[in-house]
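Engineer:
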Amino acid sequence: MFFACLVCANLQAAKNFPPVSELPLSPELPNPLVMFDGKPVLSQNDWFNKRRPELKGLFQYYEYGYFPPPVKIKSSVDYVDKNFLGGKATLKLVTIAFGPPQSPPLHLMLVIPNQRKDPAPVFLGINFSGNHALVTDTNVPLPPGWMNSQYAGVTGARAKDEGRGKQAGAWAIEQSVDRGYAVATFFGGEIQPDQLAATNGVRSLFHGSKDSEHDWGTIAAWAWGLQRAVDYLETDKDVDKTKIAVVGHSRLGKATMLAAAFDERIALAIPSQAGCGGTSPARGKTGESVKKINDSFPHWFCGEFKEFNDQPGRLPFDQHCLIALCAPRPVLLSNATEDTWSNPQGQFEMLLAADKVYRFVGAEGVASEKMPEVGKLMDSTLGYYIRPGKHSMTKGDWKIFLDFADKHFGKPQGK
3 MFFACLVCAN
13 LQAAKNFPPV
23 SELPLSPELP
33 NPLVMFDGKP
43 VLSQNDWFNK
53 RRPELKGLFQ
63 YYEYGYFPPP
73 VKIKSSVDYV
83 DKNFLGGKAT
93 LKLVTIAFGP
103 PQSPPLHLML
113 VIPNQRKDPA
123 PVFLGINFSG
133 NHALVTDTNV
143 PLPPGWMNSQ
153 YAGVTGARAK
163 DEGRGKQAGA
173 WAIEQSVDRG
183 YAVATFFGGE
193 IQPDQLAATN
203 GVRSLFHGSK
213 DSEHDWGTIA
223 AWAWGLQRAV
233 DYLETDKDVD
243 KTKIAVVGHS
253 RLGKATMLAA
263 AFDERIALAI
273 PSQAGCGGTS
283 PARGKTGESV
293 KKINDSFPHW
303 FCGEFKEFND
313 QPGRLPFDQH
323 CLIALCAPRP
333 VLLSNATEDT
343 WSNPQGQFEM
353 LLAADKVYRF
363 VGAEGVASEK
373 MPEVGKLMDS
383 TLGYYIRPGK
393 HSMTKGDWKI
403 FLDFADKHFG
413 KPQGK
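Under the working numbering, the first residue of the sequence shown is numbered 3, with each subsequent residue one higher.
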């Protein structure tokens, strides 16, 4: 009944949104503090109860597709090792099941520091190539389903043991444990394979709209998976449920940004090099365009988003509005100088454009209108970091993520 009501509500809301051809064409960024009908947002109450819900509806209708409702999860802790990382941490392997029996479960790997007085703050993120690729421990199983053959240790689109530990440097889990943080992660292909014609993910089982042009895309499916992992983390007594940070790189950074914007249980967001459809402007002239991303990855967004391929100026929002949906929660955009495809300068401009909303609700925004120097963290509530190098996530990046979390969560006790 709840699902049927939600779909009906989505359809009713959609009736208020015009076809793309009737949207005004504007090269300027839409003002997040002006309603769709042109009326100004006059109070914080207007923002949280009128404009914020409206923007969530607009993003779903025109870009990401409509989310299905949350579902009740069933979780089981299948394996515990209290002497993980030489005794520094406890490893938990958790199965999160939901929906009908054919629904794909999530296999969450949770690593919790042992030296702590209180529940640990936690970084939650989706990984590209399986939990086993982040550690060398053979007790962490291989994911059973499809995996992109571009990743190490993948043969015939299936993960093999040769890939174990190959992404350990990109996640640097022990560094987070040493700083007092837990790390939780799962393989994105379990919630939804990154394939155009995938039939074994959640998009085939759950729907937020009866209209296929406005049903959710793969980015939204991954974001929804992050939210189901949050459902579990809220129940784990070793984790501080008020200090859940989400982190993701590239396409998974897009999902990270979307999950945080739509779920206030997420206390801090770090989308790394998220680019077009994530944290860089659709109206931007640098890097990946709306047309290019839709042509290359037609399953990532809803069908309606393709109508903006040659006219992104008709979008009634831009990605600064997605960042603004997180206000007053901290957001850090992380970039690299050689990753022009992700438009680092444009991403900083998105922070500047979201700043007015943060200040409107009484929060700090961006510390300076000038981009920070390469290699220097701007750790304001709307934070920014750019380092030398290319499109990747590194141990050095994680140090910055931890520094940012320390600033806004406070250092974990005993650290």
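Glycine included, every Cβ here is placed at the ideal spot set by N, Cα and C. Because the structure is a prediction, the values reported are computed rather than measured.
1) Less than 7 Å between the C-beta atoms of Asp240 and Ile114, yes or no?
2) Where does Glu192 land, buried or exposed, given buried means 16+ other C-beta within 10 angstroms?
3) I need the DSSP call for Thr288, collapsed to helix, strand or coil.
4) From Arg53 to Ile272, what distance separates their C-alpha atoms?
5) Looking only at its chain, what residues have a beta carbon closer than 6 Å to the beta carbon of Leu334, apart from the 5 residues adjacent to it on each side?
6) According to DSSP, which residues form a beta bridge with Lys76?
7) I need the straight-line Cα distance from Ser1 to Arg160, nearest angstrom please.
8) Quick check on Tyr66: does DSSP put it in helix, strand or coil?
9) How about Ala174 and Trp400: are their beta carbons less than 7 Å apart?
10) Name, in chain order, the residues that DSSP records as bridge partners for Cys278.
11) If you draw a straight line from the alpha carbon of Gln46 to that of Met37, how long is it in whole angstroms?
12) Assign Ala261 to buried or exposed, taking buried as 16 or more other Cβ atoms, counted over all protein chains shown, within 10 Å of its Cβ.
13) So, at 7 Å on beta carbons, what are the nonlocal neighbours of Asn296 in its own chain, with the 5 sequence-adjacent residues on each side left out?
14) I need the DSSP call for Ser178, collapsed to helix, strand or coil.
15) Would you call Phe4 buried or exposed, if buried means 16 or more other Cβ atoms sit within 10 Å of its Cβ?
16) For Phe38, report the span of its alpha helix (DSSP H) as first-last.
17) Which ranges does the beta strand (DSSP E) cover as unbroken runs of at least 3 residues, wholly within the stretch 233-270, from first to last along the chain?
18) Would you mind listing the beta strand (DSSP E) stretches within the stretch 321-376 that are 3+ residues and don't spill past its ends, in chain order?
19) Would you mind working out which of Gly182, Leu95, Asp120 sits nearest Asp408, comparing C-alpha positions?
20) Taking the beta carbon of Glu65 as the centre, do at least 16 other beta carbons fall within 10 Å, making it buried, or is it exposed?
21) Would DSSP call Pro55 helix, strand or coil?
22) Does DSSP classify Asp139 as helix, strand or coil?
23) Is Phe403 helix, strand or coil by DSSP?
24) What do you get for Val82, buried or exposed, if any count of 16 or more other CB atoms within 10 angstroms of its CB means buried?
25) Leaving out five residues on either side along the sequence, give the residues of the same chain with a beta carbon under 6 Å from the beta carbon of Ala225.
26) Is DSSP giving Asn150 helix, strand or coil here?
27) How would you call Phe50, buried or exposed, if buried means at least 16 neighbouring beta carbons within 10 angstroms?
28) Mind checking whether Gly155 and Gly165 have CB atoms under 7 Å apart?
29) With 16 as the cutoff for other CB atoms within 10 Å, does Pro414 come out buried or exposed?
30) Could you pull out every residue in the same chain whose Cβ sits closer than 6 Å to the Cβ of Glu236, ignoring the five residues on either side in sequence?
31) Counting C-beta neighbours from all protein chains within 10 Å, is the total for Ser274 16 or more, i.e. buried, or is it exposed?
32) Tell me the rounded alpha-carbon separation between Leu110 and Gly40.
33) Can you pull the DSSP bridge partners for Asn129?
34) Quick check on DSSP: helix, strand or coil for Phe19?
35) By DSSP, does Thr220 sit in helix, in strand, or in coil?
36) Who are the Cβ neighbours of Leu60 in its own chain at under 6 Å, not counting the five residues just before and after it?
Structural biologist: Taking the coordinates as given:
1) yes
2) Buried, because 16 or more other Cβ atoms sit within 10 Å of the Cβ of Glu192.
3) coil
4) 24 Å
5) Ile272, Gly385, Phe406
6) In the DSSP output, where bridge partners are listed per residue, Lys76 has Ala99.
7) There is no way to answer for residue 1, as the model of the chain reaches only from 3 to 417.
8) helix
9) yes
10) Ser282
11) In this structure, the CA atom of Gln46 is about 13 Å from the CA atom of Met37.
12) buried
13) Phe303, Phe307, Lys308, Asn311
14) Helix, per DSSP.
15) Residue placement at Phe4 cannot be trusted, given a pLDDT of 34 that sits under 50; what the coordinates show is reported in the next sentence. Here Phe4 is exposed, its C-beta having fewer than 16 other C-beta atoms within 10 Å.
16) Run containing Phe38: none; DSSP gives neither H nor E here.
17) 241-251
18) 333-338
19) Gly182
20) buried
21) helix
22) coil
23) For Phe403, the three-state secondary structure derived from DSSP is helix.
24) exposed
25) Around Ala225: Ala257, Leu260, Ala261.
26) coil
27) exposed
28) yes
29) buried
30) Lys243
31) buried
32) 44 Å
33) Phe189
34) coil
35) The answer is helix: DSSP assigns Thr220 an H, G or I state.
36) Contacts found: Pro318, Phe319.
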